[in-house]
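>
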Amino acid sequence: MAALRDYSEHKHGVSPRQPRDPAPTAFGRREAAAAVWDELQSRGTGSPAPRVPQPCSPPVRARWGRPSPSVSSQISPQTSFPAWRAASWDQRTGCPGNAGVGPGLRASALGLSCAGLGTTAFRGARGRGRPPVRTARGGANASPRPSRPPQVTGTEEQSRARSAPAMKPNFSLRLRVFNLNCWGIPYLSKHRADRMKRLGNFLNMESFDLVLLEEVWSEQDFQYLRQKLLPTYPAAHYFRSGIIGSGLCVFSKHPIQEFTQHVYTLNGYPYMVHHGDWFSGKAVGLLVFHLSGLVLNAYVTHLHAEYNRQKDIYLAHRVAQAWELAHFIHHTSKKADVILLCGDLNLHPKDLGFRLLKEWTGLHDAYLETQDFKGSEEGCTMVPENCYVNQQELEPFPCGIRIDYVLYKAVSGFCISCKTLKTTTGHDPHSGTPLSDHEALMATLCVRHSPPQHNPSPTHGPAERSPLISVLREACTELDLGVAQARWWASFATYMIGLGLLILAVLSALVAEGGIREVAILLWTLSVGLVLGVGAVYLFHLQEAKGLCRARAELQHVLGRAREAQNLGPEFEPALFLLHQEGDKTED
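Each residue of the sequence shown is one higher than the one before, starting from 1257 at the first, in our numbering.
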C-alpha cells in the first residue's frame, strides 16, 4: 500500500503533506492557459529552445493544467497556443514517438486545438478577469446553453398519475344548454332581423352556459349576435363550409379549448337548386371545453331536410349522414368525459337514422330521460301553432314533429342526468311572435362523479333480436337501394352523353355539306350544353355511389363483427356487449 501511495504521489506531482488537486475541468484549463500566456508575454521575445526527446516517464507538474518550469523555458511568446500545448504534452509524457509529429497535428489528434479559444478570446478573458463563455459554435460572449429538462420515465408518469389529486366524491356540475334552428335564410326568411335582435336579448337575459344555433346562414347575423352577446358569452365560433355556409355557430361562457368540423360526404343534389342543401354544405361541428376538471365534447349539427316523407329521395343521404355523425363522435370522443350533441337532425324518433345514431354512440335523449319537462306536446319542435311553419307539411302530424334534439352521454367515471327540459310553444311570451319556425330547446344537465362500476353483460337473443344488429342490417339495406339508384342515374347519364355526341356528329356533317347553317349551329350549341350538363350529372352520381358504398362497407364490417360475437355462444356474450358499448370506451 505504501508503494502504491508513493507511486500515486510521484505520478501526480504532489508531496505527502500536499493534498491532491481535484480533476481539471474545461474552466480550470482555460484559466491556466490564460495565466501562462500572460507569463510568456511578460518575458519578452526570443526563440524557442530546442526540445530534446526523453523516454516515457510519469509527468512532473506542480498543479493540474500548469506546465512545469522546464516546459515554460522552452516556449517563446511567438509560439502559438496549440504548439505550446503540444510541447507541454511531449514534455509531460516524454514519449520519443511525438518528436517527429508537428505540434499542430499533435494538438488536433489529441483534442487540444481548443476551437474558439484563439488569441482574441484569451485577451478578452484576461481583460475581464474571467474566461470567455462558449457559444453553440464554440465562440465567446454568448449565453450558456439552457439545461435539458429531466426526462420522465413510464414509472414516474404512473407515480405522478397516482399522486394527482382525485376528483371529489361529491363533485357536481350544472350545465344549462340552449339549442335553436334560427331559420335565418337571407332575403327569404320573414322578420329575420327582428327575430335575431329578440334572440340576442333573450340569450343575454337567460345567461346559458352553452348556446348552439343552426341555420344562421348569414355571417352578418353571426357578427351581430357576437357583438350583442359578447358581455355574457365571451367565447364564440362560426363553422364555415360549402358555398353558402353550414349555418352552425356556438356561443359559450366558458373558453373553447379546441374546435373542428366534418363536412358530410353526401349533401343532396346540386341540380335541386330550390332545396339548397348541397350549396350549404351540411356539417357537424365539435368544440372541446374543460369544465372544473372534466372534458366536455359538444357537437352541433344539421342534417339534410326531408321535404317529402312519402317520396323521400334523400333517405339514403340522411342515413349515410347519421352514420358519419355517429362515426365522427365515436372517433373524436376517446378522451372526453361528457359528450353533448345538439342540433336539427331532421329525423323523427323512430326513423332509421336516429336509431342508428343512438345504438352506435349510446347517447341518451334528453326528452326521454328528463325528470321535469315543460313545453309543447310530446316535445315537438315544429308545431302547428307557429305562424312561420308550413301548415301543409304538418297535416299528417296534428301535434307537430320532433326533429331537434339534445343528446348526451357521460363516460370515464361520470354520470349525467337531465334535470329540466323546456321548449318554446310556438310564440314568444313577450312579443307573441316566435323566434323561428322551430321551437327552442333549453336543458339543464347535471354531471356528477361516479366511481367506475362493472356493468354486467346483458342477455342477448338471436341476431335479429339484437337492436344494434337489426338497425345495422336495415341501414345496409337502405344504402344498397341508394347505391343502385345512384348507379342507375349514372348509367342513364352515360346514354345521354352518347346521344348528345351522336347529335353533334350529325350536325357537324350537315354544316360541312352546306345545309341549313343557322339551324344546325343552334342545334349544335344545344347539344354541347346537353353533353356538358349530363356529364356533370354523371360525375355527381358516380361520386354519390362511391360515398354510399363507403358507408355501406363500414356498416357491413361492424355488422360482421357483431354477428361473429353473437354466434360464439352465451359464454362469449361479453364480447357482444363490449361491441355495443364500443362508443362508450375511452383511453386511459
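Think of the CB as a built atom: it goes at the ideal place given N, C-alpha and C, for glycine as much as any other residue.
In this structure, how does DSSP classify G1621 when only helix, strand and coil are distinguished?
Looking at the sequence shown, residue 1621 is not Gly but Asp. Strand at D1621.
> Just to confirm, are H1510 and F1545 a CB contact at a threshold of 8 angstroms?
Cβ atoms of H1510 and F1545: closer than 8 angstroms.
> Output needed for D1593: all residues of its chain with C-beta closer than 6 angstroms, excluding positions within five of it in sequence on either side, in chain order.
Contacts found: L1550, V1551, S1668, F1670.
> Between V1662 and E1615, what straight-line distance do the alpha-carbon atoms span, to the nearest angstrom?
Each residue's alpha carbon lies about 16 angstroms from the other.
> Determine, using beta-carbon pairs with one atom in the region 1470 to 1486 and one in the region 1439 to 1454, whether at least three such pairs fall under 8 angstroms.
With a cut-off of 8 angstroms, the region 1439 to 1454 and the region 1470 to 1486 count as touching, because enough Cβ pairs lie within range.
> With contact counted as at least three CB pairs below 8 angstroms, one residue from each stretch, are the region 1594 to 1607 and the region 1429 to 1444 in contact?
Yes, the region 1594 to 1607 is in contact with the region 1429 to 1444.
> Is any beta-carbon of chain C found at less than 8 angstroms from that of L1782?
Going by chain labels, chain C is absent from the structure shown, which holds only one protein chain.
> Could you check if P1654 is buried or exposed, using at least 16 other CB atoms within 10 Å of its CB as the buried criterion?
P1654 should be labelled exposed.
> Got a sec? Which residues, its chain only, sit under 8 angstroms from Q1647 by beta carbon, not counting five neighbours each side?
So the list reads P1640, once near-sequence residues are dropped.
> On the criterion of 16 or more Cβ atoms from any shown chain inside 10 Å, does V1467 qualify as buried, or is it exposed?
Result: buried.
> Would you tell me roughly how many angstroms separate the C-alpha atoms of H1705 and F1427, rounded to the nearest one?
The alpha-carbon atoms of H1705 and F1427 are separated by roughly 5 angstroms.
> Using only the alpha-carbon positions, how far apart do R1729 and G1656 sit?
Roughly 30 angstroms separates the two Cα atoms.
> What are the partner residues of E1470, as DSSP defines its beta bridges?
Answer by DSSP bridge pairing, in chain order: N1437.
> Can you confirm whether the region 1552 to 1571 touches the region 1513 to 1532 when touching is taken to mean that 3 or more C-beta pairs between the two stretches lie within less than 8 angstroms?
Flag = yes, the region 1513 to 1532 and the region 1552 to 1571 touch.
> Check T1592 in the structure and name its three-state DSSP category.
The question names Thr, but residue 1592 is Ala in the sequence shown. Correct three-state label for A1592: coil.
> According to DSSP, is E1462 part of a helix, a strand, or is it coil?
Reduced to three states, the DSSP call for E1462 is helix.
> Going by Cα to Cα distance, which pick from Q1566, P1490, L1601 is closest to L1581?
Minimum Cα distance to L1581 is reached at L1601.
> How many Å lie between L1766 and Y1751 at the Cα?
Their Cα atoms are separated by approximately 23 angstroms.
> Compare the Cα-Cα distances from C1636 to each of G1756, L1697, V1790 and report the closest residue.
Answer by Cα proximity: L1697.
> What are the residues that DSSP puts in a beta bridge with F1478?
According to DSSP, F1478 bridges with nothing at all.
> Which one of M1638, N1642, E1649, Y1664 has the shortest CA to CA distance from L1613?
Residue Y1664 is the option with its Cα nearest to L1613.
> Spatial neighbours of D1533 within its chain, please: C-beta separation below 7 angstroms, excluding the five flanking residues on both sides.
Closer than 7 angstroms at the Cβ level, and outside the excluded window around D1533, lie N1523, G1524, H1560, A1561.
> Skipping 5 residues on each side, what residues in its chain have a beta carbon closer than 6 angstroms to that of T1715?
Its pLDDT being 38, under 50, T1715 is placed unreliably by the model, and nothing is read from it.
> Please state whether DSSP places S1536 in a helix, a strand or coil.
Of the three classes helix, strand and coil, the one that applies to S1536 here is helix, per DSSP.
> Would you mind sorting Q1476 into buried or exposed? The rule is 16 or more other CB atoms within 10 Å of its CB.
The residue is exposed, with fewer than 16 neighbouring Cβ atoms inside 10 Å.
> How far does the beta strand (DSSP E) with I1777 in it reach, from first residue to last?
No beta strand (DSSP E) contains I1777, which is instead part of the alpha helix (DSSP H) from 1773 to 1823.
> Buried or exposed for D1628, please, with buried defined as at least 16 other CB atoms from any protein chain shown within 10 angstroms of its CB.
Exposed.
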